[in-house]
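See structure below.
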Amino acid sequence: MTEFSRRAVLAGAAAAGAGSVLADLRPAFAAAPPKGTQAPGFYRFKLGTYEITAITDGHNSFPLPDKFVVNKQKDEVNAALQAAFLPKDRMTIPYTAVIVNTGSKLIAIDTANGIKEPKATNGKYIANMAAAGIDPKAIDTVIISHYHGDHINGLIGAGNSAAFPNAEVLVGAAEHKYFMDEGEMSRAKGPRMPGVFKNAHRVFKNAEVAKRVKTYDPGKEIAPGITSVATYGHTPGHMSFIVASGNGKLFVQSDVTNHPALFVRNPGWHAFFDQDPKMAETTRRKIYDMLAAERMLMAGYHYPFPAVAHVEKSGDGYREQMVQWSTTL
Ligand SMILES: [Zn+2]
Numbered sequence: 241m242t243e244f245s246r247r248a249v250l251a252g253a254a255a256a257g258a259g260s261v262l263a264d265l266r267p268a269f270a271a272a273p274p275k276g277t278q279a280p281g282f283y284r285f286k287l288g289t290y291e292i293t294a295i296t297d298g299h300n301s302f303p304l305p306d307k308f309v310v311n312k313q314k315d316e317v318n319a320a321l322q323a324a325f326l327p328k329d330r331m332t333i334p335y336t337a338v339i340v341n342t343g344s345k346l347i348a349i350d351t352a353n354g355i356k357e358p359k360a361t362n363g364k365y366i367a368n369m370a371a372a373g374i375d376p377k378a379i380d381t382v383i384i385s386h387y388h389g390d391h392i393n394g395l396i397g398a399g400n401s402a403a404f405p406n407a408e409v410l411v412g413a414a415e416h417k418y419f420m421d422e423g424e425m426s427r428a429k430g431p432r433m434p435g436v437f438k439n440a441h442r443v444f445k446n447a448e449v450a451k452r453v454k455t456y457d458p459g460k461e462i463a464p465g466i467t468s469v470a471t472y473g474h475t476p477g478h479m480s481f482i483v484a485s486g487n488g489k490l491f492v493q494s495d496v497t498n499h500p501a502l503f504v505r506n507p508g509w510h511a512f513f514d515q516d517p518k519m520a521e522t523t524r525r526k527i528y529d530m531l532a533a534e535r536m537l538m539a540g541y542h543y544p545f546p547a548v549a550h551v552e553k554s555g556d557g558y559r560e561q562m563v564q565w566s567t568t569l
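Written as structure tokens, this is what we have:
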């Protein structure tokens, strides 16, 4: 049996450096140029008889703002990032949306960033959907969790067309009422909220989107096997979903937390885009207590890909255990 002593490893490295071992083994191929591109980002799994496809749109990466977590100092946020082996002074937020195939219906939950401001690192949702063999024309229903741009902008395709031309678009009644209200819009203050309203109006006043919209309420089966759950706080009408088929249950949390390295470990931390931070925290703790107690599988929109995990209690917060890749369904 080989013993991995430090000396043996160093001796091996020295031999490799001298070329005495590897040179003999290396086949005489020309050097392959690096590909420089990532593999398509979709992950598929079975939930009861349903087939779920998690599709990544990519990520957005930016210098860590001083008040990214409004009730914590930046050095504490940096410590949490580094504890998760993520770079200091930088925030990278991934986006992964799920598509549910019930066997008779194809249902997309949220639509990612779309084509509004294509970036090198995101706007990959439609391309990854194609790689997963799903045609946007085949989507029967789009369910929207809330009215932030990274969830709704993908409703609009090229030339202001509907990106999902044959789909109905289900939106939370409370969320729609709030964000479409001109009075609320005129009272919106600060560096961010006026833009959030303006963008929501841009999307939902688009004629091709508007004619497809139908509202839904919490606590209802809004599509086959998909029940809406009120998870208010992140936005006034923010919604999550339980997808159930056979013995399988998946909690689609939408933005109950943002990146788990910060907000699952520390449910008391308030992300600057939580509109009502106290309500968002109450919701977060309630939902995560439930997920941990019921050992329910969950999909986290801003979790690292494939963004499907179980969660358990850990200290004052929680910890995610990501799913394991499987070559078969
Ligand atoms: Zn989001």
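Going by my numbering, the sequence shown opens with residue 241, and the numbers climb by one from there. The beta-carbon is built from N, C-alpha and C at its ideal position, and this holds for glycine as well. Values in this document were obtained by computation on a predicted structure and should not be read as measured data.
If the criterion is Cβ atoms closer than 8 Å, does the pair residue i and residue j meet it?
i: residue 499; j: residue 333; result: yes
i: residue 312; j: residue 509; result: yes
i: residue 520; j: residue 477; result: no
i: residue 549; j: residue 543; result: yes
i: residue 352; j: residue 394; result: yes
i: residue 454; j: residue 410; result: yes
i: residue 349; j: residue 492; result: yes
i: residue 310; j: residue 512; result: yes
i: residue 285; j: residue 531; result: no
i: residue 452; j: residue 408; result: yes
i: residue 386; j: residue 522; result: no
i: residue 463; j: residue 338; result: no
i: residue 360; j: residue 280; result: no
i: residue 488; j: residue 354; result: no
What residues in its chain sit with their C-beta under 6 Å from that of residue i, if we drop five residues either side in the sequence?
i: residue 439; result: 389
i: residue 506; result: 557
i: residue 336; result: 294, 296, 545, 547
i: residue 404; result: 376, 379, 382
i: residue 536; result: 489, 491
Identify, in the order they occur along the chain, each residue of the same chain with its Cβ nearer than 7 Å to the Cβ of residue i, setting aside the five sequence neighbours on each side.
i: residue 501; result: 320, 321, 324, 326
i: residue 341; result: 290, 291
i: residue 315; result: none
i: residue 369; result: 295, 376
i: residue 514; result: 473, 474, 520
i: residue 446; result: 396, 400
i: residue 553; result: 532
i: residue 461; result: 467
By how many angstroms is the C-alpha of residue j removed from the C-alpha of residue i?
i: residue 392; j: residue 402; result: 12 Å
i: residue 278; j: residue 363; result: 14 Å
i: residue 466; j: residue 495; result: 17 Å
i: residue 291; j: residue 346; result: 10 Å
i: residue 236; j: residue 471; result: The question about residue 236 has no answer here: the residues shown for the chain are numbered 241 through 569.
i: residue 456; j: residue 276; result: 44 Å
i: residue 561; j: residue 423; result: 43 Å
i: residue 485; j: residue 566; result: 20 Å
i: residue 497; j: residue 526; result: 12 Å
i: residue 517; j: residue 274; result: 45 Å
i: residue 406; j: residue 450; result: 13 Å
i: residue 435; j: residue 271; result: 50 Å
i: residue 564; j: residue 283; result: 11 Å
i: residue 331; j: residue 299; result: 10 Å
i: residue 241; j: residue 555; result: Residue placement at residue 241 cannot be trusted, given a pLDDT of 47 that sits under 50; what the coordinates show is reported in the next sentence. Taking the straight line from one Cα to the other gives about 41 Å.
i: residue 433; j: residue 420; result: 13 Å
i: residue 427; j: residue 343; result: 45 Å
i: residue 425; j: residue 431; result: 13 Å
Check the C-beta distance from residue i over to residue j and give it rounded, since I have them as a contact under 8 Å.
i: residue 479; j: residue 373; result: That belief does not hold up - the Cβ atoms of residue 479 and residue 373 are roughly 28 Å apart, past 8 Å.
i: residue 396; j: residue 443; result: 6 Å
i: residue 400; j: residue 357; result: Not confirmed; about 15 Å, so no contact.
i: residue 483; j: residue 551; result: Contact doesn't hold; Cβ gap of about 17 Å is too wide.
Ordered along the chain, which non-local residues of its own chain (more than five positions away) have a Cβ less than 8 Å from that of residue i?
i: residue 203; result: Since the first and last residues shown for the chain are 241 and 569, residue 203 lies out of range.
i: residue 258; result: Residue placement at residue 258 is flagged as unreliable, the pLDDT there being 49, under the threshold of 50; a coordinate-derived value is accordingly withheld.
- Message: Give the list of continuous beta strand (DSSP E) stretches no shorter than 3 residues that lie fully inside the region 476 to 555.
- Response: 479 to 485, 488 to 494, 537 to 540, 548 to 554
- Could you pull out every unbroken alpha helix (DSSP H) segment of at least 4 residues lying fully inside the region 440 to 465, listed in chain order? 447 to 450
- Item | Sequence ranges, beta strand (DSSP E) only - wholly within the region 350 to 395, length at least 3 | 381 to 383
- Which ranges does the beta strand (DSSP E) cover as unbroken runs of at least 3 residues, wholly within the region 276 to 346, from first to last along the chain? 282 to 287, 290 to 303, 330 to 341
- Mind listing, in chain order, the continuous beta strand (DSSP E) runs of no fewer than 3 residues lying wholly within the region 400 to 446? 408 to 412
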